[in-house]
Amino acid sequence: MMLEGKVAIVTGAGGGIGREIAVAMALAGASVVVNDIGASLAGQGLSSSPAEQTQQIIAQRGGRAVVSTDSVSSWASAQRIVQAAMDGFGRIDIVVNNAGILRDTIFHKMAPEDWLQVIDVHLNGSFFVSRAAAEHFRAQNSGAYVHMTSTSGLVGNFGQANYSAAKLGIVALSKSIALDMQRFGVRSNCIAPFAWSRMTSSIPAETPEQQARVAKLQQLTPDKNAPLAVFLASDAAHAFTGQVFATRYNEIFLMSQSRPIRSVHRSEGWTPASIAEHAAPALHASLLPLDRSQDVFGWDPV
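Going left to right, the sequence shown walks through residues 18 to 319 as the numbering used here numbers them.
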């Protein structure tokens, strides 16, 4: 019961990773606000059924949960999500920013609305809900944020400029929260989850190679990501803040963050010609390849 007495908001908790995290937090003793608008993967349509189903699962297992169907993508509705925790349970201790949509399109064909809507849900939504909870966290000198990022942003992927940009932006947001709110006892960390869910079901499976990759991904059930989220939300993780983790089946990775890897210096300064002649050859060996997530995580899940 690592979360006994705590209150958690889990956005996008109507299915997949969000549902598993909400249920795991309830089993760990937390009271949970199950937030989900019940939209399609592309963000269309509304239904309270997914959130209510998660609430029912939690209740059947002896936990406490209330439903919120407000969208994370506006400031006013994000405030209502946090107020649901205050109205239902009298406090807020944990925010899990998990809500998301996909509008995958190759960059040179991406419509502006596809960019804006994905940024609104993932990045703006993470800010709005986090910011709405921040006043309560600051007043009580405690709180934990767990944000869902993705290796699409940390590493790269085809056809996901909007999603990748939003997910990498969440990493920067989390680090800023960790720096700004450390003095109030507030922690902020990210998880890049691997799981077969609605968010990955659109991966092509046409060629034998693609089919083999999808078969491996289908082993990665959403519940494998919940234990780390529960830990990071708990007081046992008091020394963990500003970090980025990845979870893949039974593996947990601590991910690197951008740091200098090679430098060159010229006392008289640089010209374009001297950069081409001296700096470029010196730096070339340390250039990073155009990797995708599957290139970096090239071994079978273990």
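Virtual Cβ for every residue (Gly too), placed ideally from N, Cα, C.
Secondary structure at N242: helix, using DSSP grouped into helix, strand and coil.
A contact between stretches requires three or more CB pairs, one per stretch, nearer than 8 angstroms, and the stretch 203-211 meets this requirement with the stretch 250-261. Proximity to S159 across S169, F175, S143, I194 peaks at I194, based on C-alpha coordinates.
Here D252 is exposed: its Cβ has fewer than 16 other Cβ atoms, across all protein chains shown, within 10 Å. Secondary structure at Y162: strand, using DSSP grouped into helix, strand and coil. By alpha-carbon distance to Q70, the top candidate from A95, V84, A297, L63 is V84. Bridge pairing for L271: F262 [DSSP].
Judged by their CB atoms, G107 and V172 are not nearer to each other than the 9 angstroms cut-off. For the stretch 49-83, the continuous alpha helix (DSSP H) assignments of 4+ residues that do not extend past its boundaries occur at 66-77, in sequence order. Beta-bridge pairing by DSSP links Q177 to T122.
Annotation for A183: V135, I136, H139, L140 place their beta carbon closer than 6 angstroms to its own, counting only its chain and skipping 5 residues before and after.
At a Cβ-Cβ threshold of 9 angstroms, V112 and A150 count as neighbours. When only Cα atoms are considered, M18 and G79 end up about 13 angstroms apart. The DSSP-derived three-state label of T288 is coil. When the five nearest sequence neighbours on each side are left out, the beta carbons in the same chain lying within less than 7 angstroms of the beta carbon of G176 are those of D121, T122, I123, in order along the chain. Sequence-distant partners of N114 (beyond 5 residues in either direction) whose C-beta falls short of 8 angstroms from its own C-beta, in its chain, are T28, V89, G142, S143, V146, S147, Y162, V163, H164, M165, I187. The Cβ atoms of E268 and V313 do not sit closer than 9 angstroms to each other.
The Cβ atoms of A209 and L237 do not sit closer than 9 angstroms to each other.
In this structure, the beta-carbon distance from R283 to H295 falls below 9 angstroms.
Per DSSP, the continuous alpha helix (DSSP H) segment holding A150 begins and ends at 142-157.
Annotation for V40: the continuous alpha helix (DSSP H) segment containing it runs 33-44. Ranked by how close their Cα comes to the Cα of S94, the residues Q72, I54, S65, I75 have I54 in first place. For R36, the number of other beta carbons within 10 angstroms of its own is at least 16, and it is reported as buried.
Here the C-alpha atom of P289 lies approximately 23 angstroms from the C-alpha atom of P306.
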